[in-house]
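Chains as they are written, first to last, in the numbering used here: chain A, 5 to 497; chain B, 102 to 196. C-beta: ideal position from N, C-alpha, C; glycine also. These numbers come from a predicted model, not from an experiment.
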């Protein structure tokens, strides 16, 4: 098989090809390493680990020869820079974590290696996962492998998991880990024609994942197909004593759900997601999705989630508040960057001033403000009460028999690099308007590509499920994938 | 609600982030835009609503109160920008 053929295989096809000995894990890894080298202009990886990848692939080949292949044996993956990887660059794409090489492995990545996966390197992202365009990275922006038809303008891949989404779309890894605090898996997946799932809060351990907003952060995969996302999530998810919010429930048979009938499932269409001024293309995509699910035997019901419009403002209190607390640990003493000062306070202030980027600083300041004496009740407590109401909206819909909710994934297709540079922070935050409710309520959400816009850029739909019912989302997602087809960018890099 | 420059500087000091006059001014504008955006939360009647503390109803897991980890100070300080004999080194804090 040619190198291009190898990198175009899905994870399911890799599994079949390796067990049929059509190619070796080493050949496959080599093909990806070459593709990564040729695609450095996309800036998807911040650190490549070719030696480690080839050693892991050789070990996989040994196992496969003995017939002892595991669930992800020999599958080459990219890892978001947010996951601690022992002895390997882990900086959350921030200057403040310069040279940080953890002495431990995150639970999610340890699970992947235990299942035989191969690490290709660490993927670019928005600094500390704060951003919706991957433009806040200390390592510079990631370039979306997609371009508008007839244009050479560079587009953003979305964020914060922009490196993960771009690398999967550009075939620089077979699949990638990602994280989602307000839409950071689903929005970049939608911008790159890839599949991304944020599982239920508590499904994947947060241990060893650099914290942004602990009550919202959840890890999940970005992949090229719904089935591949199911395969990856099965390995990433676990019950973990090292994370007290890891939920004590067995991991589901996600791949087994792919292809199962959706007949009789009740799909809620929330009227509050029909925004004023929403583009006709997004509306048409949503209607198309409704028609596909209906044709597959699902029952469509209109629902109301009345507190939807308050999710984004409440998020921009809760997330920065938790971030300001989590990021207090970066002090120039224990790890990372250190900028000297005349005393300990100025050492802290100088280090944090030089080490954090502007977006991160602004969120820390907002978070510090809303948690400060006199404002805590007015902002933080009120936002957490509104969060209760947002969750209750979903609880009531589910109690009324709704199995899943269908919405657009994003209000638009990918936008241009630097196009939002003069926009206010609030305008940038609107990217997450359809995704952020899901984090606020702790629910699982799947973004699946559903079509192309007028400029031939991918657009995605989002399916929201009941807690710990990811299987339902994989069933429904496969229906969309079957109807819409798969999308990949023409190679220009 | 909106913040003035003095508040921005006070908050930056609480957060231990050094800011210049210029930075403080530009943060002030951005923070006020965000505070303006979140103002709409005041429309919501939250009387009698409990603040959400956990999205998943489960009792906090507790492990046995025993030592399960540790005894590797060298690994703990391995990433420190300055360390000495398994200690973190900071500027003098006690006269």
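Exercise. Along chain B, which residues have their Cβ under 9 Å away from the Cβ of residue 104 of chain A?
Worked result: Taking the first chain and counting its residues from 1, the one referred to as residue 104 of chain A is at position 100. Within chain B, the residues near residue 104 of chain A are 180.
Exercise. Whose Cβ in chain A lies nearer than 8 Å to the Cβ of residue 131 of chain B?
Worked result: Residue mapping note: residue 131 of chain B aligns to position 30 of the second chain, counting from 1. What residue 131 of chain B touches in chain A: 366, 428, 429.
For this session: Between the Cα of residue 161 of chain A and those of A/193, A/387, A/182, spot the shortest distance and give me the residue it belongs to.
Result: Start at 1 with the first residue of the first chain, and residue 161 of chain A comes out as number 157. Out of A/193, A/387, A/182, the CA that lies nearest to the CA of residue 161 of chain A is found in A/193.
Problem set entry | Spatial distance of residue 377 of chain A from residue 89 of chain A (CA atoms) | One-based indexing of the first chain puts residue 377 of chain A at position 373. One-based indexing of the first chain puts residue 89 of chain A at position 85. Computed Cα separation, rounded: 38 Å.
Exercise. Based on Cα-Cα distance, which residue from A/319, A/213, A/398, A/393 lies nearest to residue 109 of chain A?
Worked result: Within the first chain, the letter at position 105 stands for residue 109 of chain A. The shortest C-alpha separation from residue 109 of chain A is found at A/213.
Problem set entry | Where residue 110 of chain B meets chain A, residues with beta-carbon distance less than 8 Å | The residue labelled residue 110 of chain B in the question sits at position 9 within the second chain. What residue 110 of chain B touches in chain A: nothing, since even the nearest Cβ is about 10 Å away.
Problem set entry | Spatial distance of residue 144 of chain A from residue 398 of chain A (CA atoms) | Walking along the first chain from the start, residue 144 of chain A turns up at place 140. Walking along the first chain from the start, residue 398 of chain A turns up at place 394. Cα to Cα, the separation comes out at about 38 Å.
Problem set entry | Minimum Cβ-Cβ distance from residue 471 of chain A to chain B less than 8 Å | What you label residue 471 of chain A is simply residue 467 of the first chain in a count that begins at 1. Chain B, which has a Cβ nearer than 8 Å to the Cβ of residue 471 of chain A, makes this yes.
Exercise. Can you tell me where the beta strand (DSSP E) with residue 49 of chain A in it begins and where it stops?
Worked result: Along the first chain, read from residue 1 onward, the residue named residue 49 of chain A stands at position 45. Unbroken beta strand (DSSP E) run through residue 49 of chain A: 49-52.
Exercise. When you compare each of B/120, B/152, B/158, B/156 to residue 350 of chain A by their alpha carbons, which one comes out closest?
Worked result: Residue numbering aside, residue 350 of chain A sits at position 346 when the first chain is read from its first letter. If we check each option's Cα against that of residue 350 of chain A, B/120 comes out closest.
Problem set entry | 8 Å contact criterion, which residue 286 of chain A and residue 412 of chain A should meet: CB distance rounded | In the first chain, the residue the question calls residue 286 of chain A occupies position 282. In the first chain, the residue the question calls residue 412 of chain A occupies position 408. With a Cβ gap of about 5 Å, residue 286 of chain A and residue 412 of chain A count as contacting.
Exercise. In whole angstroms, what is the alpha-carbon distance linking residue 107 of chain B and residue 471 of chain A?
Worked result: Here residue 107 of chain B refers to the residue found at position 6 of the second chain. Here residue 471 of chain A refers to the residue found at position 467 of the first chain. Between the alpha carbons of residue 107 of chain B and residue 471 of chain A lies a gap of roughly 45 Å.
Exercise. With distances taken between CB atoms, is the gap from residue 201 of chain A to residue 132 of chain B smaller than 8 Å?
Worked result: Locating residue 201 of chain A in the first chain gives position 197, where the first residue counts as 1. Locating residue 132 of chain B in the second chain gives position 31, where the first residue counts as 1. In this structure, residue 201 of chain A sits away from residue 132 of chain B, with a CB-CB distance that is not shorter than 8 Å.
Problem set entry | Test item: CB-CB of residue 48 of chain A and residue 174 of chain A under 8 Å | In the first chain, residue 48 of chain A corresponds to position 44, counting from 1. In the first chain, residue 174 of chain A corresponds to position 170, counting from 1. The answer is yes: Cβ separation under 8 Å.
Exercise. At a CB-CB cut-off below 9 Å, which residues of chain B make contact with residue 137 of chain A?
Worked result: If you number the first chain from 1, residue 137 of chain A lands on position 133. Chain B residues near residue 137 of chain A: none, gap ~16 Å exceeds 9 Å.
Exercise. Residue 309 of chain A to residue 199 of chain A, Cα distance in whole Å?
Worked result: The residue you call residue 309 of chain A lines up with position 305 of the first chain. The residue you call residue 199 of chain A lines up with position 195 of the first chain. Their Cα atoms are separated by approximately 25 Å.
Exercise. Using the rule of at least 16 other Cβ atoms within 10 Å of the residue's Cβ for burial, across every protein chain shown, is residue 356 of chain A buried or exposed?
Worked result: The residue labelled residue 356 of chain A in the question sits at position 352 within the first chain. With 16 or more Cβ atoms within 10 Å of its Cβ, residue 356 of chain A is classed as buried.
For this session: To the nearest angstrom, report how far apart residue 8 of chain A and residue 33 of chain A are at their CA atoms.
Result: Taking the first residue of the first chain as 1, we reach residue 8 of chain A at position 4. Taking the first residue of the first chain as 1, we reach residue 33 of chain A at position 29. In a straight line, the C-alpha of residue 8 of chain A is about 12 Å away from that of residue 33 of chain A.
For this session: Sort A/410, A/78, A/431 by Cα distance to residue 278 of chain A and report the nearest one.
Result: Residue 278 of chain A sits at position 274 when you count from the first residue of the first chain. A/410 is the residue among A/410, A/78, A/431 whose C-alpha sits nearest the C-alpha of residue 278 of chain A.
For this session: Flag this pair as touching only if the region 157-174 of chain B and the region 312-332 of chain A have three or more C-beta atom pairs under 8 Å; answer yes or no.
Result: no
Problem set entry | Check whether residue 166 of chain A and residue 220 of chain A have beta carbons under 8 Å apart | Numbered from its first residue, the first chain carries residue 166 of chain A at position 162. Numbered from its first residue, the first chain carries residue 220 of chain A at position 216. No, the pair does not count as a contact, with Cβ atoms beyond the cut-off.
For this session: Using beta-carbon positions only, say whether residue 136 of chain A and residue 128 of chain A come within less than 8 Å of one another.
Result: Within the first chain, numbered from 1, the residue matching residue 136 of chain A stands at position 132. Within the first chain, numbered from 1, the residue matching residue 128 of chain A stands at position 124. Taking 8 Å as the cut-off, the Cβ atoms of residue 136 of chain A and residue 128 of chain A do not count as close.
Exercise. Who are the near neighbours of residue 131 of chain A in its chain, counting only those whose CB is closer than 7 Å to its CB and skipping five residues on each side?
Worked result: Taking the first residue of the first chain as 1, we reach residue 131 of chain A at position 127. The residues are 96, 97, 98, 140, 141, 142, 361, 363, 364.
For this session: With a threshold of 16 other CB atoms inside 10 Å of the CB of residue 176 of chain B, please say whether the residue is buried or exposed.
Result: Taking the second chain and counting its residues from 1, the one referred to as residue 176 of chain B is at position 75. Burial check for residue 176 of chain B: the Cβ neighbour count within 10 Å stays below 16, so the residue is exposed.
Problem set entry | Alpha-carbon spacing of residue 121 of chain A relative to residue 487 of chain A, whole angstroms | For the purposes of this step, residue 121 of chain A is taken as the residue at position 117 of the first chain. For the purposes of this step, residue 487 of chain A is taken as the residue at position 483 of the first chain. Residue 121 of chain A and residue 487 of chain A: Cα-Cα distance of roughly 30 Å.
For this session: Please list the partners that residue 151 of chain B has in chain A, where partner means a Cβ-to-Cβ separation under 8 Å.
Result: As a first step, residue 151 of chain B must be located in the second chain, where it is residue number 50. Those are 389, 392, listed as they occur along chain A.
Problem set entry | Element boundaries [beta strand (DSSP E), containing residue 473 of chain A] | Looking up residue 473 of chain A in the first chain gives position 469. Counting along the chain, residue 473 of chain A falls outside any beta strand (DSSP E), and DSSP gives it neither H nor E.
Exercise. To the nearest angstrom, how far is it from the Cα of residue 136 of chain B to the Cα of residue 380 of chain A?
Worked result: Against the second chain, residue 136 of chain B aligns to sequence position 35. Against the first chain, residue 380 of chain A aligns to sequence position 376. Distance between the alpha carbons of residue 136 of chain B and residue 380 of chain A: 14 Å.
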